[in-house]
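Start counting the sequence shown at 185; every next residue gets the next number (my numbering).
Below you'll find the structure, written out as structure tokens, and then a few comments.
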Amino acid sequence: MGIPMEIPEVPDLGPKYIPIEDIVELIGNKGLTYEEAGKILGIAKQSVWERCKKYGIEREGLKKYKKARAEIFALTGKNLFDLTQDDIKGMNTYQRIVAGGILYDKERLERDKSTSNVSYADVTKSIQVIEEEIRVEKAKLGYDNNDLGDE
Numbered sequence: 185m186g187i188p189m190e191i192p193e194v195p196d197l198g199p200k201y202i203p204i205e206d207i208v209e210l211i212g213n214k215g216l217t218y219e220e221a222g223k224i225l226g227i228a229k230q231s232v233w234e235r236c237k238k239y240g241i242e243r244e245g246l247k248k249y250k251k252a253r254a255e256i257f258a259l260t261g262k263n264l265f266d267l268t269q270d271d272i273k274g275m276n277t278y279q280r281i282v283a284g285g286i287l288y289d290k291e292r293l294e295r296d297k298s299t300s301n302v303s304y305a306d307v308t309k310s311i312q313v314i315e316e317e318i319r320v321e322k323a324k325l326g327y328d329n330n331d332l333g334d335e
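Quick look at the structure:
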């Protein structure tokens, strides 16, 4: 009974069977590019990108950028004003001022110092909290809880 058996070839199951932990380690922790991770995992860079998008995995460099965005805007704005007209070919003074203003606004927004941006969700939540406080106080005074009239 010495008939040799052939071992069946295991089919390639594709990128969706690559453990997500492996992708997190290569992309999220080590900061490799999609192409580099794909070569290590034996899949296309597009497949790595799709898995990252699906699970919200970001490259380490991108995380660092997002944390330092305000500083990047500030430095870019400073550099913009340090440049001469020769350095910014085709950009007139007005364009430099507008670009600097936009960067300044973005920096303030990133630092939560912007004064003209109002979150609709925050306002709605505040109104709901105030209405609840009014209901509680009116209940203490004997008013109908559902009556928020201007009496």
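Quick reminder that beta carbons are idealized off the backbone N, C-alpha and C, glycines included.
Pick out whichever of Val232, Lys251, Lys248, Glu291 has its Cα sitting closest to the Cα of Thr260.
-> Locating residue 260 in the sequence shown gives position 76, counting from the first residue. Residue Glu291 is the option with its Cα nearest to Thr260.
Reduced DSSP secondary structure (H/G/I, E/B, other) of Ser310 | Position 126 of the sequence shown holds residue 310. DSSP places Ser310 in the helix class (H, G or I) of the three-state scheme.
Coil, strand or helix - Glu242 by DSSP = Counting from one through the sequence shown, the residue named residue 242 turns up at place 58. If DSSP states are grouped into helix, strand and coil, Glu242 belongs with coil.
Compare the Cα-Cα distances from Ile256 to each of Glu315, Ser310, Glu294, Ala305 and report the closest residue.
-> Within the sequence shown, numbered from 1, the residue matching residue 256 stands at position 72. That would be Glu294, whose Cα lies nearest to the Cα of Ile256.
Distance, Leu287 Cα to Lys316 Cα | As a working mapping, residue 316 is identified with position 132 in the sequence shown. As a working mapping, residue 287 is identified with position 103 in the sequence shown. For the record, residue 316 in the displayed sequence is Glu; it is not Lys. Going by C-alpha positions, Glu316 is about 40 Å away from Leu287.
In its own chain, which residues sit with a C-beta less than 6 Å from the C-beta of Leu216, not counting the 5 before and 5 after it?
-> Taking the sequence shown and counting its residues from 1, one reaches residue 216 at position 32. Taken in chain order, the residues that qualify are Leu210.
Could you tell me whether the Cβ atoms of Gly222 and Val232 are closer together than 8 Å?
-> Translated into the one-based positions of the sequence shown, residue 222 becomes position 38. Translated into the one-based positions of the sequence shown, residue 232 becomes position 48. Result yes, Cβ atoms of Gly222 and Val232 sit closer than 8 Å.
Consult DSSP for Ala258 and reduce its assignment to one of helix, strand or coil.
-> Within the sequence shown, the letter at position 74 stands for residue 258. Note: Ala258 maps to helix in three-state DSSP.
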